[in-house]
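Residue numbers (this note's numbering): 15 to 226. We put the beta carbon where it would ideally sit given N, CA and C, even for glycine.
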Amino acid sequence: MVSGSLGVLVGDGVVYKYPKNLVRENLFNVDKAKQVVSTTRSFVIRICNKLIFDIAILPDEYSEFAGDCKSSRGLSDTIKFDRSLMAGCDNEPRPMEIFFLFVKLLHEISHAVIFQFGREFLRHERKTNVKFQTPKTHCLGAEAGSAMEKFLFGSAIDAPGIVQEDKYRINYLILSDGKQSGAINNFWIDQFVYDAINCSKLKTIESIQLPW
Ligand SMILES: [Zn+2]
């Protein structure tokens, strides 16, 4: 837990928030942090630029990442979305659907990042399950996608709904971690989606607003 005020730096479309007191005590190097953010961002952009996106019948998943273990360049790494989920979003998708696809896209990109990390930095590892799987660290919990959802939204996000004529209709979105799932306030989702096209507004979103 960090106490004290936060410093804020804005640059290159990124907002950096850092604990001022730790900078004074020489425990947090803002320039080094900016360097790490920049390197990480370039790494993720490079991966996104070569990913293939596809639609498939995924009976038990909304989406999945399929990496090519044998390729050294990853030109056939693919993110797939479930056909009925996409079909349910066909006519003027609601903010709820746009937000859910955004969350699942980030989820699968997290897997793609871990996969590419193994490809580049564990080159000599022969066991593919060691090389490409998410490390079982406390924060990643062996599931990079769910960990990303928890980091950003406080919980993994699920979308209860029903299939009608091969189209999956989402009823509402829930924060699915914990004993009792919480429904995400549709007003918050609307604001998040509409503000996403206005970067300066997006920066003001800090936490999810729960309906209680
Ligand atoms: Zn996952």
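Classify Leu-99: buried if its beta carbon has 16 or more other beta carbons within 10 angstroms, exposed otherwise. buried
With a Cβ-Cβ cutoff of 9 Å, do Pro-122 and Ser-56 count as a contact? One detail in the question is off: residue 122 reads as Glu in this sequence, not Pro. The answer is no: Cβ separation not under 9 Å.
Does ligand 1 have a heavy atom nearer than 8 Å to the CB of His-121? yes
Name the one or two DSSP bridge partners that Thr-92 has. Ile-66 and Ala-80
Three-way DSSP call (helix, strand, coil) for Gln-147 in this model: coil
Bridge partners of Gly-168, per DSSP? Beta-bridge pairing links Gly-168 to no other residue.
For Lys-34, which three-state DSSP category applies? helix
Mind checking Thr-54: buried by the 16 CB within 10 Å criterion, or exposed? exposed
Enumerate in chain order the residues of its own chain whose CB-to-CB distance from Lys-31 is below 6 Å, with the five nearest sequence positions on each side excluded. Leu-20 and Val-22
Would you mind reading off the limits of the beta strand (DSSP E) that contains Gly-175? 175-178
Tell me whether Gly-81, by its Cβ, gets closer than 8 Å to a heavy atom of ligand 1. no
Could you compute how far the alpha carbon of Gln-49 sits from the alpha carbon of Val-127? 18 Å
Cutoff 8 Å; reference Tyr-208; Cβ partners in own chain excluding five residues on either side: Pro-109
Give me the Cα-Cα distance between Glu-75 and Leu-136, rounded to the nearest whole angstrom. 28 Å
Whole-angstrom C-beta distance between Gly-192 and Ser-169, which should lie under 8 Å: 7 Å
Pro-186 in three-state terms, based on DSSP: Just to set this straight, residue 186 is Tyr in the shown sequence, not Pro. Three-state result, Tyr-186: coil.
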